[in-house]
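Below: one structure, written as C-alpha cells.
In my numbering, the protein residues as written are 499 to 869.
Encoded structure:
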C-alpha cells in the first residue's frame, strides 16, 4: 500500500514533545524554588502550563490519525504485533529503568521496594510512559471499529464518544474518591488517566480526520476564523476554571481540556500545513520524540536540581534545552549500541520538504505510528 507523507504531523509531534518537556521543567521549578517564587511568578508559570497541556493529547491524537489514514478500510496481518514490539517492549524496559531511578533518587532502594515499584510501573502504568498503554488501547479500538463499526455515521460516532468521555472525566473531576473502593485515592489521583474512556473523544476525531485527510484540511481552510478563535476562547475558559478553583488541577485529564487540546491540535495542523519547509531542528525533534518522551524526565529532575543555585528563569530554560539534547544523544547512542529499540523504540526517518518533497517513502507512516 502506498502511503502519503503527513508533514503536519512532524510539526505537531515536535511541538507536543516540547510542550511536555516544558511542563515537567515548570513542575521542577515549583518543587526546587517553592519557598522563593513570588506569587506573580507562580501564577505566570501556571498559566504557561495551561497553554502547554495539549501535549499528551496531541501524541494520542497522532497515533490514531496515522492509523486511520493508512488503515481505515482494512487491518493488515500482524497489525498488533508490529506495533507492540516497538512500544510495549520499551514500556516494560523503561518501567524497570524508572523503578531503579525513582528509588535511588528517593534513597529507598531495597529488593522489595524495587519489585513493588516495577510491578506498579508495569501493571498500573505508574510512570511517565502511561500514555503507551493509552495508545495500545487505541490500536485495539481501531481494529474493533474498522471491522465492526465503519458504517457508523461520524455525526453519531463523535458525539457518542464525546458524551462517554465527558461523563468519565466529569465523574473523576467532580466526584470525590469513593472510600469504599479499594485504592480509591490512587485511582482518583492517577489510575483513571490510563483507561481509554478518558481519551475516547480524541480517538473519534482523529479517526475521522485521518480517514478523510483531504476533507479535514479543507475543513480547516474553510473555518480558519473559528480555528483561531476557539483555542483562545477555550483557553480563557480553562484559565477561569483553574483560578476560580472549580477545576484546580493543572493536567491534561481535566474535562475542559478535551475542547482546548483539540482546538490547539487543529490550529497547529492548519499553520503547519502552510509551512513551505520543515526546519532541520523540527525534523530532528520529531524523529527522536519517542525517546525524548521516555527519557527526558530523568534529565529534567537531575539537571533542574543541579542548577538550583541559579535564578529560576535561568534554571528553567537551561534544564529544558539540556534535557532535550541529552535525551536525543542517549537515544542516538542506544541505537548505535543496537539496543535502542528495546529502550526507546524506533527513531523516525528524516524528512525534508526542500529535498525530494514529492518522493513517497513507504516506511515513513509505519515509522510514524510508533508514537
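Note that beta-carbon positions come from the ideal geometry of N, C-alpha and C, so glycine has one too. As the structure is a computational prediction, the values presented were derived from the model and not from experiment.
> Out of 757, 809, 597, which has the shortest C-alpha to C-alpha gap to residue 663?
Replying inline: 757
> Hey, residue 588 and residue 630: beta-carbon distance below 9 Å or not?
Replying inline: yes
> So residue 770 and residue 509 are in contact, right, with Cβ under 8 Å, and what is the actual spacing, rounded?
Replying inline: 3 Å
>> Relative to the C-alpha of residue 571, which candidate in 753, 529, 552, 710 has its C-alpha closest?
In response: The alpha carbon of residue 571 has as its nearest neighbour, out of 753, 529, 552, 710, the alpha carbon of 710.
> Is residue 809 helix, strand or coil when you go by DSSP?
Replying inline: coil
> Quick one: what does DSSP say residue 673 is sitting in, helix, strand or coil?
Replying inline: Residue 673 falls in the coil class under three-state DSSP.
>> Among 684, 543, 691, whose alpha-carbon lies nearest the alpha-carbon of residue 737?
In response: 543
>> According to DSSP, is residue 591 part of a helix, a strand, or is it coil?
In response: helix
> My guess is that residue 643 and residue 705 are in contact by the Cβ rule of under 8 Å, so how many angstroms apart are they, rounded?
Replying inline: 7 Å
> Does DSSP classify residue 737 as helix, strand or coil?
Replying inline: helix
>> Just to confirm before moving on: does the CB-CB distance between residue 749 and residue 530 stay below 9 Å?
In response: no
> Does the beta-carbon of residue 772 have 16 or more other beta-carbons within 10 angstroms, so that it is buried, or is it exposed?
Replying inline: exposed
> From 582, 526, 507, 506, pick the residue whose C-alpha is nearest to that of residue 815; which is it?
Replying inline: 526
> So what's residue 762 in DSSP terms, helix, strand or just coil?
Replying inline: Under the three-state reduction of DSSP, residue 762 is assigned to helix.
> With a Cβ-Cβ cutoff of 9 Å, do residue 734 and residue 559 count as a contact?
Replying inline: no
>> If I measure Cβ to Cβ from residue 540 and keep anything under 8 Å in the same chain, skipping five residues before and after, which residues do I get?
In response: 528
> Where does residue 511 sit, in a helix, a strand or coil, going by DSSP?
Replying inline: helix
> residue 624 to residue 752, Cα distance in whole Å?
Replying inline: 19 Å
>> Less than 9 Å between the beta carbons of residue 566 and residue 513, yes or no?
In response: no
> Would you call the stretch 659–675 and the stretch 818–834 in contact, with 3 or more CB pairs under 8 Å?
Replying inline: no
>> Distance check for residue 746 and residue 534, CA to CA, integer angstroms please.
In response: 22 Å
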